[in-house]
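Colleague: I have a structure here, written as structure tokens, and I will follow up with some questions on it.
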Amino acid sequence: MDQDKIVIEELLRKQFLGGISKSEMADLECRKSNYSEEEYDKIVVRVLRELEGQLPKDPLDDWMPDYGEIKRRGEAIRRQGKIKRYGTFGYAAALLLFIVGMLLYLLYSNKKEHDAMLHLESACLGIDGDAEIPLIESSCLLLAADSTWIRAGQDTFGTIAQLGDLAVIRTQEGLLRIRRKQMKNGHISNLKSLDIYTAARQQCVVELEDGTRVRMNAQSRLSYPIRKGDSIEVYIKGEAYVDADNRYKSTPLIISTEKGKVTATRADFLIRSDTGNMKTMLNSGTMQVYSHKLNKVQFMACPGDFVYVGTKYACHNQQPRDTMGYVADQDFEEAKMWTRKIRVYKDMPLLVFVDEMSRWEGFTIKKWDCIPKDRHISVSICYRSGREEVYSAIRQAGVLLNEEKGMVSFCPEDRLNRVAMKFSDDRKRGFW
């Protein structure tokens, strides 16, 4: 074994000094396999120690790196990296701006389509948009005992009517005040109630005996009992805003309608009724809604509570029946918009807008089913505006209508008939 190590050492010397032949190299590799890696490394180390200072010079011993070239190429690589990163960031930023721009465009387009407000309040320039129609403009008609009408206009003040001990007074502010006032020669009325009416484009604020204030909308009626009772009970047909927060009495206020009645002690609310339905919405306080036919009571205690009592036709062969519905969190200020000088309707269903404007302006709808149910309107309109402004707003909302002698129709056949009649008239005038 020792002799073999001597041979390996000699072959390693020749390898390190550069004088080993191919056959000797093959012999070295063969002998190397007889040793472990650790043993062979020890032989190599021993030979290298013996040859220290005798090994041939390395070709790279005199080589010196070109630090300037290395620095230049490094700077170039860094610049390329920065350009690549900035390019990536630029593309990402451009993509982000494009996405944000598209989203803003879509949002704006959608908002413009649904919320583009048509301004028709030129007749109310300089007026606070939230201001209510002032008391001084309050006006109405009263039905007297002899079936004659008494006009309570803006220029009427003082005692307007005396029915028994019931006096109707219009104050300097325009408030129509009902009071019990004993008179020696007072007229004893055969009527059971005092009837107050409003016409188109009229509102009237009435103060009842107990301090309750009722703002009647156009084309509404309030009936007040002439004989004094234990509680205040009035009848309302049409639309009204009732403020019973500052009543003088603790006995309940009762408002009767065709479909039921509302009972409240302290509250302010909206009420709307006709022969077919009754709607109420609460702003503050508490109240109860009672349905005559259902013999059912709905309690209201939260702002925005809405109760509906109406007739429902299930099938053609069945008798109509009353139903009662309740909805919470309704927009009271939007429902009370009719009390304002400037009425702002934002994305309002066209059917609701036409309903409100027809009451105020006094025009009649020929067939309600012809009004498009899926159309909305956004308009700001002054209470002094006329019918033509209302018709213009509807047409600009993309809905055609036909108006003739106060009758408004949204039905296609009426528009076609009007075009045919105009065509016939034009021919008679010699246009063809």
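In numbering that gives the first Met the number 0, the protein residues as written are 0 to 431.
Using N, Cα and C, we set each Cβ at its ideal position, and we do this for glycine too.
Going by CA-CA distance only, name the one from S121, V241, R169 that's closest to C139.
Modeller: Selected option, being the one with the closest Cα: R169.
Colleague: In terms of DSSP beta bridges, what is G324 paired with?
Modeller: G324 is bridged to Y307.
Colleague: Run through DSSP, which three-state label would D242 get?
Modeller: Strand.
Colleague: Which one of C203, M336, K83 has the shortest CA to CA distance from I135?
Modeller: It is C203 whose Cα lies nearest to the Cα of I135.
Colleague: Just the C-alpha distance for V76 and K83, rounded to the nearest angstrom, thanks.
Modeller: Note on identity: in this sequence residue 76 is Ile, with Val being the wrong assignment. If you take the alpha carbons of I76 and K83, they lie about 11 angstroms apart.
Colleague: Short check: CB of C410 to CB of K372, under 8 angstroms?
Modeller: No, the Cβ-Cβ distance between C410 and K372 is not below 8 angstroms.
Colleague: Any idea if K311 is buried or exposed, counting beta-carbon neighbours within 10 angstroms, 16 or more meaning buried?
Modeller: Label assigned to K311: exposed.
Colleague: Kindly indicate if chain C contains any beta-carbon less than 8 angstroms away from that of F268.
Modeller: Protein chain content of the structure displayed is limited to a single chain, and chain C is not contained in it.
Colleague: Can you give the beta carbon distance from A239 to R214, rounded, assuming they're within the 8 angstroms contact cut?
Modeller: About 6 angstroms separates the two Cβ atoms, so the contact holds.
Colleague: Can you check whether the CB of L11 is closer than 8 angstroms to the CB of I42?
Modeller: Contact: yes.
Colleague: Helix or strand or just coil, what does DSSP make of G432?
Modeller: Coverage of the chain is limited to positions 0 through 431, which leaves residue 432 absent and any answer about it impossible.
Colleague: Taking Cβ positions, are R339 and A122 nearer each other than 8 angstroms?
Modeller: No, they are not a contact pair.
Colleague: Determine the DSSP secondary structure at S138, reduced to helix, strand or coil.
Modeller: Coil at S138, not helix or strand.
Colleague: Check for me: the beta strand (DSSP E) holding C203 runs from which residue to which?
Modeller: Looking at the DSSP string, the run of the beta strand (DSSP E) that includes C203 is 203 to 206.
Colleague: Starting from D194, trace the beta strand (DSSP E) in both directions and tell me its first and last residue.
Modeller: It spans 192 to 196 - the beta strand (DSSP E) in which D194 sits, taken as one unbroken run.
Colleague: Could you work out which residue in P348, I370, R386, C369 is closest to M356 when comparing CA atoms only?
Modeller: That would be R386, whose Cα lies nearest to the Cα of M356.
Colleague: If you draw a straight line from the C-alpha of W367 to the C-alpha of F156, how long is it?
Modeller: Those two C-alpha atoms are separated by around 40 angstroms.
Colleague: Any idea if M116 is buried or exposed, counting beta-carbon neighbours within 10 angstroms, 16 or more meaning buried?
Modeller: The residue in question, M116, is exposed, as its Cβ has fewer than 16 Cβ neighbours within 10 Å.
Colleague: Throw me the rounded Cβ distance for the M336 and V343 pair, which I believe falls under 8 angstroms.
Modeller: That pair is a contact at about 7 angstroms.
Colleague: Could you check the C-alpha separation between M406 and E360 for me, to the nearest Å?
Modeller: Distance between the alpha carbons of M406 and E360: 12 angstroms.
Colleague: Under the rule that 16 or more other beta-carbon atoms within 10 Å means buried, what is Y196, buried or exposed?
Modeller: Under this definition Y196 is a buried residue.
Colleague: Compare the Cα-Cα distances from D321 to each of P224, Y307, V6, A160 and report the closest residue.
Modeller: Comparing Cα-Cα distances from D321 to each of P224, Y307, V6, A160, the minimum goes to Y307.
Colleague: Give me whichever residues DSSP pairs with E232 in a beta bridge.
Modeller: Paired residues: I253.
Colleague: Enumerate in chain order the residues of its own chain whose CB-to-CB distance from E208 is below 7 angstroms, with the five nearest sequence positions on each side excluded.
Modeller: Cβ neighbours of E208 beyond the five flanking positions: I177, R178, R179, I231.
Colleague: Along the chain, where does the beta strand (DSSP E) that runs through E403 open and close?
Modeller: Unbroken beta strand (DSSP E) run through E403: 401 to 403.
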